[in-house]
């Protein structure tokens, strides 16, 4: 048709045409995304995957027999669900054996405490370590202590995690877990115990990764449960010296082979461009890794599977990556970044599910600034799920976020972290805590975002490149 | 004054006078009870006793070192609080040693389960017992099974406890705990595991008393946590044979000496008549026995102590009895009934606190029928605490209720059982779960009732005598 018949003057018509040409998502694509979103709300593929992984594999600490079983499980599941290019890409992971841990207050009032060794902790001598307890509030508080107050003692970090929707309390209490033992050893401590980096009122101790420092003797490191930390503080409050005995048989056992398990839904005309949906396959060993991160495995796999079933296949490839060893050093994410460094430009966008299948309450996108109108369009499709726009502070999660400094745009579906940190890294992270309705809600958000990202003309630009992957 | 000046005819005046004479509680007594009730709402004696017992003694399973410490603790506390006639009356209790328990699913999908031996369980052989699991819903379901389905297998009781304010779900799931192992052994089972008789979603297994039957081989008996029972049921739902290995080193170790610890607030003119306030001093060993029954110890002791501080001392004696070994056979209650059998008529009323310090929501009284107007008067003083009258179905609790068939009237302050059975007999029954405001509310109810019961002319009559104490 002629411009004249469109009923606009030349200049105005050119603007209108340019605007039409620049619209990166067609109405048909938006309609399909809405349809997928609704299909997700009636689909239990994710819930069934979560049930299967927690029931048929269970705990899968990097390097363990469960880890190996989880890799085989994931390959079989992705193949059974019709993914293309299913593969297990080898990842070398550390192997640490938990053994048994015990703690008991010896004086003034003897009582056993529920305790777990922190990941990577060395063992105690066979008959344990008994010493007086000295409590500190934080790493800074520890560093401010004179050496004579710490040397020969067991350091007890007392800071309690605040429970909140955004999980911000975690970052305030996790530093002692990571480096508290190393810092305490610097001042001559003989062992470290901490209040958990979690909000549970259950006597199920927390675990998590900790690291020693070069040149400092490694001392055994433990987390209590909150009620046990309370009891220890109550005894300390008496003003009498409190003596604790800790025992652990944990040890390192070299390295093991694990794998990132990958499957794809190939795009129909931009096959080489990838929308990466990530979760991690490994878990801590105390629970069955339900919300950390079987739910993520289920959510991203089910979202991709719904797209595979679409009669309107998107342009780009959806790549599901189930990362090895997120918990104990991000080995899988590092291996992925190293392996795909040459193809990093083909990674158009990354999303990750690794904060459990709790209620999503926000959507963030870190993309090139000129792509924010596209984000707004995508967000309009997740908004009906009760997920408003929360800004540009997306981080991509622990694994996918490793690609961000390489320039890959990321988006986050933000979920309620309050119940997550009631379970996180404890024995209570089990399938019974998973709500199928909330799983479906998360899948609905992921499928809508992933579909539109795979379809949008022009992608999301690039982020500033701030690092290179490890060789 | 003359009857004429009262302005009534002779017959009417006689009725009025009779009524006045029969009023068992004076306005001054009622006013004092209200004042004590209000004082209780600002008094933390009970909370402090609960803190002290859970912190300074902790677990106190009958016959254990903790049990002996708790007796010494209780004598010292009652003496320090100024009770009269403080004494520890010897009670012989059974001694059972928990040892270590483990359970693991061996097939089809190996996973460790959180488990605890039931009280009184025998050990397994050192390398455990491995057998196929057969699930049953109830004792009746078990009894309906053919022997060949049970023999050589591990019986798994699957019934889940309903969570409710009245705790009625407990009585429906506890029979397998008491006699499930014995019944399963009758049909040739080699071990018994059960879903917990509790509502916790935490992986903190339940424990509790179980009894073997004469003439039936004792088989090891365990309770799982609810999430672990779920996992076992998920694996069974696959239709594949599920094999379980259970290991326990628990054992009996003869008998030990414990004690009922008693202290009194003597009445001012009916000293020999007793209002008995009961709780139990022992606890299961997995937690610190906070709500079962340190709270009861604190509540009844603090209520009596408030009465001791009253400038208007009541007529009758308040006797606090902290019973030995409620949990494992009611040894203390039986010993008390035997010892005081000759003085049973002096027990005017019994009350017990043994359902935790949760919100009181009802008041029941089992007294002679002609004493119900007095109950109504007493109830009017607890009503402002939000505690309405709930009828005559009082049972007096596990310990004090032993006196009921001997004719002793009883009253119950009924508290919310829903949170109680989230903790009951698990490691999570700890001090952090105790709310000081609810403790004060319970003390307020107990002090008002106890004071008025100690003061009311004529008492509460007697209940029908339906049994005699054991010799």
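Residue numbers (the working numbering), protein chains in the order written: chain A, 21 to 491; chain B, 21 to 491.
Ideal Cβ placement from N, Cα and C applies to all residues, glycine included.
Host beta strand (DSSP E) of residue i (start-end)
| i | result |
| --- | --- |
| residue 155/A | 149 to 156 |
| residue 383/A | 380 to 386 |
| residue 8/B | Limits of chain B in this structure are 21 at one end and 491 at the other, which puts residue 8/B out of reach. |
| residue 126/A | 121 to 127 |
| residue 488/B | Counting along the chain, residue 488/B falls outside any beta strand (DSSP E), and DSSP gives it neither H nor E. |
| residue 135/A | 135 to 137 |
Exposure of residue i, with buried meaning 16 or more beta-carbon neighbours within 10 Å
| i | result |
| --- | --- |
| residue 401/B | buried |
| residue 107/A | exposed |
| residue 475/A | buried |
| residue 46/B | exposed |
| residue 38/A | In this prediction, residue 38/A has a pLDDT of 46, which is less than 50 and means its spatial position is unreliable; nothing more can be read from the coordinates. |
| residue 248/B | buried |
| residue 333/A | buried |
| residue 391/A | buried |
| residue 118/B | buried |
| residue 292/B | exposed |
| residue 283/A | buried |
| residue 379/B | buried |
| residue 225/A | buried |
| residue 255/A | buried |
| residue 234/B | exposed |
| residue 228/A | buried |
| residue 84/B | buried |
| residue 36/A | Because residue 36/A carries a pLDDT of 48, less than 50, the predicted location of this residue cannot be relied on, and no value is offered for it. |
| residue 146/A | exposed |
| residue 173/A | buried |
| residue 167/B | exposed |
| residue 419/B | buried |
| residue 486/A | exposed |
Check: residue i C-beta below 7 Å from any heavy atom of the ligand SAM
| i | result |
| --- | --- |
| residue 477/A | Annotation note on the ligand SAM: not contained in the displayed structure, which lists no ligands. |
Host alpha helix (DSSP H) of residue i (start-end)
| i | result |
| --- | --- |
| residue 321/A | 315 to 328 |
| residue 460/A | 456 to 475 |
| residue 49/B | 47 to 60 |
| residue 292/A | That residue, residue 292/A, is in no alpha helix (DSSP H); its beta strand (DSSP E) goes 290 to 300. |
| residue 81/A | Element bounds for residue 81/A: n/a, residue is neither H nor E. |
| residue 162/B | 159 to 163 |
Residues that DSSP places opposite residue i in a beta bridge
| i | result |
| --- | --- |
| residue 93/B | According to DSSP, residue 93/B bridges with nothing at all. |
| residue 432/B | 384/B |
| residue 116/A | 272/A |
| residue 443/B | Per DSSP, none; premise fails for residue 443/B. |
| residue 111/B | 278/B |
| residue 480/A | Answer by DSSP bridge pairing: none, since residue 480/A is not bridged. |
| residue 343/A | 300/A |
| residue 337/A | 294/A |
| residue 104/A | 284/A |
| residue 3/A | The requested residue 3/A does not occur in the structure, where chain A is confined to residues 21 to 491. |
Chain E within 8 Å of residue i, Cβ atoms only
| i | result |
| --- | --- |
| residue 78/B | Here the protein chains are A and B, and chain E is not one of them. |
### Message
Tell me which residues of the stretch 233 to 257 of chain B have at least one Cβ-Cβ distance to chain A shorter than 9 Å, keeping chain order.
### Response
Those residues of the stretch 233 to 257 of chain B that come within reach of chain A (Cβ to Cβ, closer than 9 Å) are 245, 246, 247, 248, 250, 251, 254, 255, 257.
### Message
Could you tell me which whole beta strand (DSSP E) segments of length 3 or greater appear in the stretch 170 to 215 of chain A?
### Response
Fully contained in the stretch 170 to 215 of chain A are the following beta strand (DSSP E) runs of length 3 or more, in chain order: 174 to 177, 211 to 214.
### Task
Check each residue of the stretch 431 to 464 of chain A: if its Cβ is closer than 9 Å to any Cβ of chain B, include it; give the result in chain order.
The residues in question are 446, 447, 448, 450, 451, 452, 453.
### Query
Where are the alpha helix (DSSP H) runs, 4 residues long or more, that stay fully inside the stretch 350 to 432 of chain B, in chain order?
Counting only runs of at least 4 residues, the stretch 350 to 432 of chain B fully encloses the following alpha helix (DSSP H) elements, listed from N- to C-terminal order: 351 to 359, 392 to 402.
### Task
Scan the stretch 126 to 150 of chain B for residues whose Cβ lies nearer than 9 Å to a Cβ of chain A and list them as they occur along the chain.
Result list: 128, 129, 130, 131, 132, 134.
### In chain order, each alpha helix (DSSP H) run of at least 4 residues that lies wholly inside the stretch 229 to 288 of chain A
DSSP runs (the alpha helix (DSSP H)) wholly in the stretch 229 to 288 of chain A: 246 to 256.
### Message
Can you pull out the residues from the stretch 203 to 235 of chain B whose beta carbon lies closer than 9 Å to at least one beta carbon of chain A?
### Response
Flagged, chain order: 220, 221, 222, 223, 224.
### Task
Taking only beta carbons into account, state which residues of the stretch 66 to 77 of chain A come closer than 9 Å to chain B, listed in chain order.
Of all residues in the stretch 66 to 77 of chain A, 71, 74, 75, 76, 77 have a Cβ within less than 9 Å of some Cβ in chain B.
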